[in-house]
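Residue 47 in numbering that gives the first Met the number 0 sits at position 48 of the sequence shown; the count goes up by one each step and never skips.
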Amino acid sequence: MPSLAEVRLLLRHPVDFRVADDPADSRFVFTAPDGEHEVTASDAIGALSQGIRTMNADLSVRAWATPAILALRLMASGQLVSPDQSARSQLLDSATSIGPDPAAGQAKVTAFLAALAVDAPSVATTPQQRNATGLTATPRHEPVKPRTFSGVLTVAFRPGSPEGDDAPVADVTLRAKPLDSSWGMAAVSEVWARDQHHFGAGARLGIRMLVTQAAWAWAPLERLLEDPDAGSVAVSASELGQLGTPRATASLRSQRLEIEWPAELVRDIEPRATVRRVEGTSSDRTRGFSATQLFRFDWQVALGDDVLTADEVDELARSQNGLLRLRDRWVFIDPNRLQRVLWQRGREITSGEALRAAVA
């Protein structure tokens, strides 16, 4: 999946939407000097929506900017598969500059919405329900044009140990702020609790668009769209591990979302090399540091000043996402780095290699 930054680099080149029989196979195709680059509708929508503001964007990219913005609004209100008549008219009008004629452009925009619906978050295809006060999640008095927001996802662990694999271990809270304002961050729950919030009109729809795009990078955010009044989502260890992967972090950052981890989370391990002589039988045991003597090279894994036992290291290795609770604290380790350390455990080396390890 290309990042938003990677797709942005393609905006300077001509783009076309190639419609396939199966909506899942439809693709945006950017024609660059080094060849054609295919991008799915879900990966392209964020960058295309910024096409109007991108100075060196190709004219074909600028033509797709308005349909992309309108599609994001439909997703934020849950009307992606069933837009009302007004939204449908806006979409069809925006398609007139796409394709060789208006009819061809409208067909492409319709196919674009169908492709988006294939892997869109469920909240993007479910119209928002009225809450207990009779207000919709996106109030009618807010303007059609939403504001652009950035945000921070703050992780807070729950006390104690989880009761099961799928039990919630932490709460992730979203704070956001509009990019066109000097206001500080505010909790999303606060924005939904006050109809006259100081962020002003368009705030709720802007935050919904922010979260809708980010939900492609981290699926649990769909639950925040279902209940924005809560302002947070309870997540399992597996879901939290997914949030900490480099891929999710980069994708969320490209959507203007940062992650704030608690200070007590251990984020790194310290591998410590150990070398010991491999003992032979009493009859063939060599004396001293001979050229033929074999040694066993191994790693100890330490969390701060605490060296983990072999069982604890094995438990860490069995973790699918690198997140688990050890010695009454949460530990999150990059699984790839841990595997590189574990791969070298118990490796036999020559005396020369042992000497180099000792003086390194």
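Glycine included, C-beta positions come from ideal geometry on N, C-alpha and C.
From the options, residue whose alpha carbon lies closest to that of residue i
{"i": "SER41", "options": "VAL187, GLN254, SER81, ARG328", "result": "GLN254"}
{"i": "ALA236", "options": "PHE16, ALA185, PRO219, ASP226", "result": "PRO219"}
{"i": "ARG317", "options": "GLU5, ASP100, PRO177, ILE332", "result": "ILE332"}
{"i": "ALA123", "options": "ALA94, THR95, LEU112, MET74", "result": "MET74"}
{"i": "LEU115", "options": "ASN335, SER85, ALA23", "result": "ALA23"}
{"i": "PRO120", "options": "VAL187, VAL234, LEU209", "result": "LEU209"}
{"i": "VAL117", "options": "THR65, GLY104, ASP21", "result": "ASP21"}
{"i": "LEU264", "options": "ASP179, THR153, GLY104", "result": "THR153"}
{"i": "ARG207", "options": "THR39, ALA46, SER76, PRO66", "result": "SER76"}
{"i": "PRO364", "options": "GLY199, VAL187, HIS197, ALA249", "result": "In the structure displayed, the chain extends from 0 to 359; residue 364 sits before or after that span and is not available."}
{"i": "ASP164", "options": "GLY240, ARG246, VAL151", "result": "GLY240"}
{"i": "GLY150", "options": "ASP179, SER180, MET184, GLN84", "result": "MET184"}
{"i": "GLU238", "options": "PRO177, ARG72, PRO167", "result": "PRO167"}
{"i": "ARG328", "options": "PHE156, PHE148, ASP83", "result": "PHE156"}
{"i": "VAL38", "options": "ALA62, ARG61, ARG52, LEU8", "result": "LEU8"}
{"i": "PHE198", "options": "THR147, ALA169, THR248, ALA247", "result": "THR147"}
{"i": "LYS176", "options": "LEU256, GLY321, PRO261", "result": "LEU256"}
{"i": "THR65", "options": "ASP92, GLN84, ASP83", "result": "ASP92"}
For residue i, three-class secondary structure by DSSP
{"i": "PHE198", "result": "coil"}
{"i": "SER149", "result": "strand"}
{"i": "PRO167", "result": "strand"}
{"i": "ILE414", "result": "Because residue 414 is not part of the residues shown, which for the chain are 0 to 359, the question remains open."}
{"i": "LEU307", "result": "coil"}
{"i": "PRO101", "result": "helix"}
{"i": "ASP313", "result": "helix"}
{"i": "PRO245", "result": "helix"}
{"i": "ARG7", "result": "helix"}
{"i": "LEU178", "result": "coil"}
{"i": "ALA216", "result": "coil"}
{"i": "ALA123", "result": "helix"}
{"i": "ALA185", "result": "strand"}
{"i": "ARG360", "result": "With the chain covering only 0 through 359, there is no way to say anything about residue 360."}
{"i": "SER96", "result": "helix"}
{"i": "ALA229", "result": "coil"}
{"i": "ARG193", "result": "coil"}
{"i": "ARG339", "result": "helix"}
Spatial neighbours of residue i in its chain, beta-carbon cut-off 7 Å, leaving aside the 5 residues before and after
{"i": "SER160", "result": "ARG324"}
{"i": "THR95", "result": "PRO101, GLY104"}
{"i": "LEU242", "result": "TRP217, ILE258"}
{"i": "ARG11", "result": "ASN55, ALA56, ASP57"}
{"i": "ALA43", "result": "VAL6, PHE27"}
{"i": "ARG326", "result": "ASP305"}
{"i": "ALA19", "result": "SER25"}
{"i": "LEU112", "result": "ALA70, LEU79"}
{"i": "ARG17", "result": "SER25, ARG26, VAL28"}
{"i": "TRP63", "result": "VAL14, LEU47, GLY50, ILE97"}
{"i": "ALA169", "result": "VAL154, ALA155, PHE156, ARG157, VAL234, LEU239"}
6 Å CB neighbourhood of residue i in its chain, flanking five on each side removed
{"i": "ILE68", "result": "SER48"}
{"i": "PRO13", "result": "THR30, ASP57, SER59"}
{"i": "ASP15", "result": "VAL28"}
{"i": "VAL232", "result": "VAL171, PRO219, ARG222, LEU223"}
{"i": "GLN212", "result": "GLY45, GLN254"}
{"i": "ARG192", "result": "A small correction: the amino acid at residue 192 is Ala; Arg does not occupy that position in the sequence shown. Excluding residues within five positions, none has a Cβ falling inside 6 Å."}
Bridge-paired residues (DSSP) for residue i
{"i": "SER41", "result": "The partner list for SER41 (beta bridge, DSSP) is empty, contrary to what the question assumes."}
{"i": "ARG328", "result": "LEU325"}
{"i": "ASP15", "result": "VAL28"}
{"i": "PHE156", "result": "ALA169"}
{"i": "GLU234", "result": "In the sequence on display, residue 234 carries Val and not Glu. VAL234 is bridged to ALA169."}
{"i": "VAL265", "result": "VAL330"}
{"i": "ALA116", "result": "DSSP lists no partner for ALA116."}
Neighbourhood of residue i by C-beta distance below 8 Å, restricted to the same chain and skipping five residues each side
{"i": "PRO138", "result": "Any reading at PRO138 must be qualified, since the residue scores a pLDDT of 43, below 50, and its modelled position is unreliable; the value itself is stated next. The residues are ASP194, ARG203."}
{"i": "GLN338", "result": "ALA316"}
{"i": "PRO126", "result": "SER76, GLY77, GLN78, SER81"}
{"i": "PRO245", "result": "ASP333"}
{"i": "ALA86", "result": "LEU69, ARG72, LEU73, GLN78"}
{"i": "GLN361", "result": "Within the shown structure, residues of the chain are numbered from 0 to 359, placing residue 361 beyond reach of any answer."}
{"i": "LEU314", "result": "A quick correction: the sequence has Glu, not Leu, at residue 314. So the list reads LEU323, LEU325, once near-sequence residues are dropped."}
is_contact[residue i, chain D] using C-beta, thresh 8 Å
{"i": "ARG146", "result": "Judged by its chain identifiers, the structure shown contains no chain D, having just a single protein chain."}
- At which residue ranges does the region 22-93 contain complete alpha helix (DSSP H) runs of 4 or more residues, listed in the order of the chain? 40-47, 58-75, 84-93
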